[in-house]
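Undergrad:
2 protein chains.
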Amino acid sequence: MAQSSTQDEARLDLKLRQLIIDRNWLELREQLSDLHAPDVADLIIALPAEEEAFVFRVLPKEFAADVFSYLPPDHQEGLIESLSNEQVRTVLEGMSPDDRTRLLEEMPAEVTRRLLATLSPDELRSARALLGYPEETAGRYMSPRYVTIRPEMTAQEALDHIRRTGRSKETLNVVYIVSAAGVLLEDIRLSSLVLADPAAKVTSIDDPPLVAVHATDDREEVLKLFEKYDRVALPVTDAQGHMLGVITVDDVLDVAEQEATEDIQKLGGMEALDAPYLNVGLFSMIRKRAGWLSALFLGEMLTATAMSYFEGEIAHAVVLALFVPLIISSGGNSGSQATSLIIRSLALRELRLRDWWRVFRREIVSGVMLGSLLGFIGFIRIVLWERLHLTEYGVHYMLVALTVWVALIGVVTFGTLAGSMLPFLLRRLNFDPATSSAPFVATLVDVTGLCIYFTVALLILHGTLL
Amino acid sequence: MAQSSTQDEARLDLKLRQLIIDRNWLELREQLSDLHAPDVADLIIALPAEEEAFVFRVLPKEFAADVFSYLPPDHQEGLIESLSNEQVRTVLEGMSPDDRTRLLEEMPAEVTRRLLATLSPDELRSARALLGYPEETAGRYMSPRYVTIRPEMTAQEALDHIRRTGRSKETLNVVYIVSAAGVLLEDIRLSSLVLADPAAKVTSIDDPPLVAVHATDDREEVLKLFEKYDRVALPVTDAQGHMLGVITVDDVLDVAEQEATEDIQKLGGMEALDAPYLNVGLFSMIRKRAGWLSALFLGEMLTATAMSYFEGEIAHAVVLALFVPLIISSGGNSGSQATSLIIRSLALRELRLRDWWRVFRREIVSGVMLGSLLGFIGFIRIVLWERLHLTEYGVHYMLVALTVWVALIGVVTFGTLAGSMLPFLLRRLNFDPATSSAPFVATLVDVTGLCIYFTVALLILHGTLL
Numbered sequence: 005m006a007q008s009s010t011q012d013e014a015r016l017d018l019k020l021r022q023l024i025i026d027r028n029w030l031e032l033r034e035q036l037s038d039l040h041a042p043d044v045a046d047l048i049i050a051l052p053a054e055e056e057a058f059v060f061r062v063l064p065k066e067f068a069a070d071v072f073s074y075l076p077p078d079h080q081e082g083l084i085e086s087l088s089n090e091q092v093r094t095v096l097e098g099m100s101p102d103d104r105t106r107l108l109e110e111m112p113a114e115v116t117r118r119l120l121a122t123l124s125p126d127e128l129r130s131a132r133a134l135l136g137y138p139e140e141t142a143g144r145y146m147s148p149r150y151v152t153i154r155p156e157m158t159a160q161e162a163l164d165h166i167r168r169t170g171r172s173k174e175t176l177n178v179v180y181i182v183s184a185a186g187v188l189l190e191d192i193r194l195s196s197l198v199l200a201d202p203a204a205k206v207t208s209i210d211d212p213p214l215v216a217v218h219a220t221d222d223r224e225e226v227l228k229l230f231e232k233y234d235r236v237a238l239p240v241t242d243a244q245g246h247m248l249g250v251i252t253v254d255d256v257l258d259v260a261e262q263e264a265t266e267d268i269q270k271l272g273g274m275e276a277l278d279a280p281y282l283n284v285g286l287f288s289m290i291r292k293r294a295g296w297l298s299a300l301f302l303g304e305m306l307t308a309t310a311m312s313y314f315e316g317e318i319a320h321a322v323v324l325a326l327f328v329p330l331i332i333s334s335g336g337n338s339g340s341q342a343t344s345l346i347i348r349s350l351a352l353r354e355l356r357l358r359d360w361w362r363v364f365r366r367e368i369v370s371g372v373m374l375g376s377l378l379g380f381i382g383f384i385r386i387v388l389w390e391r392l393h394l395t396e397y398g399v400h401y402m403l404v405a406l407t408v409w410v411a412l413i414g415v416v417t418f419g420t421l422a423g424s425m426l427p428f429l430l431r432r433l434n435f436d437p438a439t440s441s442a443p444f445v446a447t448l449v450d451v452t453g454l455c456i457y458f459t460v461a462l463l464i465l466h467g468t469l470l
Numbered sequence: 005m006a007q008s009s010t011q012d013e014a015r016l017d018l019k020l021r022q023l024i025i026d027r028n029w030l031e032l033r034e035q036l037s038d039l040h041a042p043d044v045a046d047l048i049i050a051l052p053a054e055e056e057a058f059v060f061r062v063l064p065k066e067f068a069a070d071v072f073s074y075l076p077p078d079h080q081e082g083l084i085e086s087l088s089n090e091q092v093r094t095v096l097e098g099m100s101p102d103d104r105t106r107l108l109e110e111m112p113a114e115v116t117r118r119l120l121a122t123l124s125p126d127e128l129r130s131a132r133a134l135l136g137y138p139e140e141t142a143g144r145y146m147s148p149r150y151v152t153i154r155p156e157m158t159a160q161e162a163l164d165h166i167r168r169t170g171r172s173k174e175t176l177n178v179v180y181i182v183s184a185a186g187v188l189l190e191d192i193r194l195s196s197l198v199l200a201d202p203a204a205k206v207t208s209i210d211d212p213p214l215v216a217v218h219a220t221d222d223r224e225e226v227l228k229l230f231e232k233y234d235r236v237a238l239p240v241t242d243a244q245g246h247m248l249g250v251i252t253v254d255d256v257l258d259v260a261e262q263e264a265t266e267d268i269q270k271l272g273g274m275e276a277l278d279a280p281y282l283n284v285g286l287f288s289m290i291r292k293r294a295g296w297l298s299a300l301f302l303g304e305m306l307t308a309t310a311m312s313y314f315e316g317e318i319a320h321a322v323v324l325a326l327f328v329p330l331i332i333s334s335g336g337n338s339g340s341q342a343t344s345l346i347i348r349s350l351a352l353r354e355l356r357l358r359d360w361w362r363v364f365r366r367e368i369v370s371g372v373m374l375g376s377l378l379g380f381i382g383f384i385r386i387v388l389w390e391r392l393h394l395t396e397y398g399v400h401y402m403l404v405a406l407t408v409w410v411a412l413i414g415v416v417t418f419g420t421l422a423g424s425m426l427p428f429l430l431r432r433l434n435f436d437p438a439t440s441s442a443p444f445v446a447t448l449v450d451v452t453g454l455c456i457y458f459t460v461a462l463l464i465l466h467g468t469l470l
């Protein structure tokens, strides 16, 4: 069983290592063939680079292609470089077309050229067709290896046809009823065919209605349909309804994870990495982080400008400066709460653009209540510290405490509103809300928060401290 | 096709509305039966509350149960309240056991009691058994409706057995070879059975090796196995290997989405909402946000304490106060980049606990380089503004600019290290890294950043400004 404990894994690992050291290729081949392809891939990843190709070469042909498709891109590239053209061809031809598309799009240009050169003319045409679809669309994830049946077949005829033609297809769990002209009419589950009266016409068998996607649909759209309709595979058609391929749920599970990772990294204020942390080169990672960090820094410089407008007030009442970090961080925190909530809801389609006004009303109430709460805590803190002689805020400490309270209501409300509305605005302007909301909100709220704070201070402290 | 445009949807919506107004139940029933269950659920959600039950009652029995399982919890609760006990029983018995478990765990206690009371003794026993597993474990997501075959069967015998017993099972895409004692021996895909020689023993048919989970395994663990092994269903066993149920990939896709949403909301500094934004009551949402926001606020109060230590320095050199927001926000931004990167990598198992030292070395280099870059930009900005007479920073402006540069190297490096190491620490202490890292990092970095900044200022400006 695959859920074997890590102890078992470690023991197996040691045993295989010994076989490699002993150069016992026959026994190694035997042992590896009993494992799952993804587990063999994990073993290969853990090996020193020079041994990877050794182990890979002992795998049976078809299994090797399967294992290869589970390796991360950097290991795939390394292997391609150490294999002969003939071996590369075998691996490529054994891979499923959608995994091959993923490989071709992930490799550097010169590797891709070499790979394409090893393909047979037929496979080359098919690979070029799939690569012709825009990135992150359904076309890039589909496999042309599916089973079609004709509407006039009976269940038994369909099963016989599947038995004859079904080998090495992407999936057999669903087969497709296609007209003579290649137009997709219906899909039907293999299980429905098995359960049906063998003499029944396939078109008369009870089965959930068809759901299909277009080859140019965005992969997020495809993900939504899988989630909504609980399917294990969806057919892909062109604009005229001709069947082009099939997307299976395992690819979509990967897409779901990648989309969430991208959103989380963007919310963290950086470009999406597109690869696991340790697989990204140090300098390429620093570059991806430096861009946004510098942009944010340039934005935050406005805080220095804002502060210098109030330099006179600070010089008069240094006590005001003490609460600057507290005030702006509260605005930032309430803004980032609101932004991450709204961005995720927009991504999951729980919220639509037209809901902005409902969200606005909810958030203004939330903002005022949360701001009042924080302000109250801040007020108590200042009064308490003064009374307990922990800090000296001067004779006007009550007015200072009141300034902090009122400013926090304003700052938190502004943070909440800015954080919740900016994702809508970005979506409306056809930007990805995740890309830039959190950073924008932080800068916007910091600068505005300072202005709110010092304006409140001027109003409340005029004639006393200022 | 389900990918019909929003125009078509709107037209259909209007037509159905008209049928409801005309009280034309027969035609409505006809129209609705042609749709997908999730689409009918969407239609019902859009209706005024008092019409929901009307429409629901016209649906054919089995379809009604299917539609019901696609409704969000608040609508399910509303419907249960307006249906008779008899109708509730029909719906419950038509639901698949795993959807029923989800319903029972989501409803308020008194509704759950009423629901359990309507079940037959058999169904009640099964429901209680599933609810007996801890929340978010495999047991809560499994369905006991699967097909087992015996190891001595041939492919043809197995197919005949499936045809006899396969109706209303959770999935038929995979069936399970189980010993007389109920121990799970192997799983086999329906497609492999169809493709095999009808006379072949099921145990001799070529099919990927077994992957199984324990009923008490965490749902995240289950999600990882689905992703790794590309399955459409996984069997669930007890500790002795007896088969208990099956989990299908559609449920796991929902889990993947929920886990990502929880992580995003926690990274945004709040408790996970557990429901779509607009379905959560305003005050319950404010409560979920107020908790963390107050905790953060209490933490950030330390900045006021830190600032008051340096009150004398600020009074001497007000110019120092101007850069406080810029300095601490840079630390916060670099910290939140690092945290969101590391948390996601830990969640996806791209990083393990033992990798902390590799990460530490990478992040210290990243931090110093990013800090130097930002510091350089800040230095240029201060010198430029002074030379262009945009702001007057005084005669010692070069020293002030140098202070900002050096302080930023320290603050950004500290932010990066704190942001990347805290998730490891929290994981080591068995806390969920997502829960609290981002907020903790923000507070930690703000307070420490202030101390770094003023310490650097004391060192560089001693004898001139200070």
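Here the protein sequences come in this chain order: A and B.
Last residue of the first sequence: number 470 in my numbering, and the count goes up by one each step with no gaps.
Last residue of the second sequence: number 470 in my numbering, and the count goes up by one each step with no gaps.
We treat Cβ as the ideally placed atom computed from N, Cα and C, and that holds for glycine.
What you are looking at is a predicted structure, and each value in this text was computed from that prediction instead of being measured.
For B:Glu97, tell me which candidate among B:Glu109, B:Ser73 and B:Leu394 has the shortest Cα-Cα distance.
TA: Nearest option by C-alpha distance: B:Ser73.
Undergrad: Tell me, which residues are paired with B:Thr252 by DSSP?
TA: Partner(s): B:Ala237.
Undergrad: Run through the stretch 82-147 of chain A for me and flag every whole beta strand (DSSP E) of 3 or more residues, listed as ranges in chain order.
TA: If we require 3 residues or more, the stretch 82-147 of chain A turns out to have no beta strand (DSSP E) run fully inside it.
Undergrad: Could you check where the alpha helix (DSSP H) with B:Leu47 kicks off and where it finishes?
TA: Taken as a continuous stretch (DSSP letters only), the alpha helix (DSSP H) holding B:Leu47 covers Ala41 to Ala50.
Undergrad: Less than 6 Å between C-beta atoms, sequence neighbours within five positions excluded: which residues of the same chain meet that for A:Val23?
TA: The residue you asked about is not Val; residue 23 of chain A is Leu in the sequence shown. The answer, listed in chain order, is Glu31 and Leu32.
Undergrad: Cβ of A:Asn337 less than 7 Å from any chain B Cβ?
TA: By this cut-off, A:Asn337 is an interface position.
Undergrad: Name the DSSP beta bridge partners of B:Met157, please?
TA: B:Met157 is not bridged to any residue.
Undergrad: Are the Cβ atoms of B:Gly371 and B:Gly423 separated by less than 7 Å?
TA: Contact: no.
Undergrad: Which one of A:Asp450, A:Ile346, A:Val404 and A:Phe301 has the shortest CA to CA distance from B:Ile384?
TA: Checked all of A:Asp450, A:Ile346, A:Val404 and A:Phe301; the closest Cα to B:Ile384 is A:Phe301.
Undergrad: Please list the partners that A:Ser344 has in chain B, where partner means a Cβ-to-Cβ separation under 7 Å.
TA: The answer, in chain order, is Ile268, Gln269, Leu271 and Gly272.
Undergrad: Could you pull the start and end residues of the beta strand (DSSP E) that A:Ile209 belongs to?
TA: Per DSSP, A:Ile209 belongs to no beta strand (DSSP E) and is neither H nor E.
Undergrad: 7 Å is my cut-off, CB to CB: does A:Glu315 come that close to chain B?
TA: Output row for A:Glu315: interface = yes.
Undergrad: Looking only at DSSP bridge pairs, what is B:Leu188 linked to?
TA: B:Val182.
Undergrad: For the 8 Å Cβ check, are there 3 or more pairs between the stretch 121-133 of chain A and the stretch 210-229 of chain A?
TA: As far as the Cβ criterion goes, the stretch 121-133 of chain A does not touch the stretch 210-229 of chain A, which means the pair count is below three.
Undergrad: Do the stretch 42-54 of chain B and the stretch 73-85 of chain B touch if we need at least three Cβ pairs shorter than 8 Å?
TA: These segments touch.
Undergrad: Please work out which residues of its chain come closer than 7 Å, Cβ to Cβ, to A:Thr395, disregarding the five sequence neighbours upstream and downstream, and give them in chain order.
TA: Answer for A:Thr395: Trp389, listed in chain order.
Undergrad: Leaving out five residues on either side along the sequence, give the residues of the same chain with a beta carbon under 6 Å from the beta carbon of A:Ile381.
TA: No residues qualify anywhere along the chain.
Undergrad: Drop a sphere of 10 angstroms on the beta-carbon of B:Glu261, count the other beta-carbons inside from all chains shown, and report buried for 16 or more, exposed for fewer.
TA: Counting Cβ neighbours within 10 Å, B:Glu261 comes out buried, since at least 16 surround it.
Undergrad: Assign A:Gln80 to buried or exposed, taking buried as 16 or more other Cβ atoms, counted over all protein chains shown, within 10 Å of its Cβ.
TA: Per the 10 Å Cβ criterion, buried.
Undergrad: Taking only beta-carbon atoms, is B:Tyr145 less than 7 Å away from chain A?
TA: No, because no Cβ of chain A sits closer than 7 Å to the Cβ of B:Tyr145.
Undergrad: I'd like to check one pair, A:Tyr145 with A:Ile318: are the Cβ atoms closer than 7 Å?
TA: In this structure, A:Tyr145 does not lie closer than 7 Å to A:Ile318 by Cβ.
Undergrad: Kindly indicate the opening and closing residues of the alpha helix (DSSP H) around A:Tyr74.
TA: No alpha helix (DSSP H) holds A:Tyr74; DSSP gives it neither H nor E.
Undergrad: Tell me, to the nearest whole angstrom, how far the beta carbon of A:Leu374 is from that of B:Arg293; I am working on the premise that it is less than 8 Å.
TA: About 6 Å; that satisfies the 8 Å criterion.
Undergrad: Taking the beta carbon of B:Met425 as the centre, do at least 16 other beta carbons fall within 10 Å, making it buried, or is it exposed?
TA: Buried, because 16 or more other Cβ atoms sit within 10 Å of the Cβ of B:Met425.
Undergrad: Less than 7 Å between CB atoms is the rule here; does A:Val328 satisfy it with respect to chain B?
TA: Answer yes: the Cβ-Cβ gap between A:Val328 and chain B drops below 7 Å somewhere.
Undergrad: State the Cα-Cα distance for the pair B:Ile84 and B:Arg129, rounded to the nearest angstrom.
TA: Computed Cα separation, rounded: 21 Å.
Undergrad: In whole angstroms, give me the CA-to-CA distance for B:Thr476 and A:Glu266.
TA: The requested residue 476 of chain B does not occur in the structure, where chain B is confined to residues 5 to 470.
Undergrad: One question on the structure: do A:Val115 and A:Thr152 come within less than 7 Å of each other, judged by their Cβ atoms?
TA: Contact: no.
Undergrad: Name the residues in the stretch 280-294 of chain A whose C-beta lies less than 9 Å from a C-beta of chain B; which are they?
TA: Under the 9 Å Cβ criterion, the stretch 280-294 of chain A contributes Pro280, Tyr281, Leu282, Asn283, Leu286, Phe287, Met289, Ile290, Arg293 and Ala294.
Undergrad: Within the same chain, show all residues whose beta-carbon is closer than 6 Å to that of B:Ala162, passing over the 5 residues directly before and after it, in chain order.
TA: Same-chain partners within the cutoff: Ile153, Leu197 and Val206.
Undergrad: Would you kindly report the start and end of the unbroken alpha helix (DSSP H) that includes B:Gln35?
TA: Unbroken alpha helix (DSSP H) run through B:Gln35: Trp29 to Ser37.
Undergrad: Quick check on A:Gln109: buried or exposed, where buried means 16 or more other Cβ atoms within 10 Å of its Cβ?
TA: Gln is not the amino acid found at residue 109 of chain A; the sequence shown has Glu there. By the neighbour-count rule (16 or more Cβ atoms within 10 Å), A:Glu109 is not buried but exposed.
Undergrad: I need the boundaries of the alpha helix (DSSP H) containing B:Glu354, first residue and last residue.
TA: Where B:Glu354 is concerned, there is no enclosing alpha helix (DSSP H), given that its DSSP letter is neither H nor E.
Undergrad: Spell out a yes or no on whether the stretch 400-420 of chain A and the stretch 236-255 of chain A are touching, meaning 3 or more CB-CB pairs, one atom from each, closer than 8 Å.
TA: Cβ pair count under 8 Å is below three, so no.
Undergrad: Closer than 7 Å, CB to CB, is B:Gly170 near chain A or not?
TA: Closer than 7 Å to some Cβ of chain A, the Cβ of B:Gly170 qualifies, so yes.
Undergrad: Compile a chain-ordered list of the residues in the stretch 23-40 of chain B whose CB is closer than 9 Å to at least one CB of chain A.
TA: Flagged, chain order: Asp38, Leu39 and His40.
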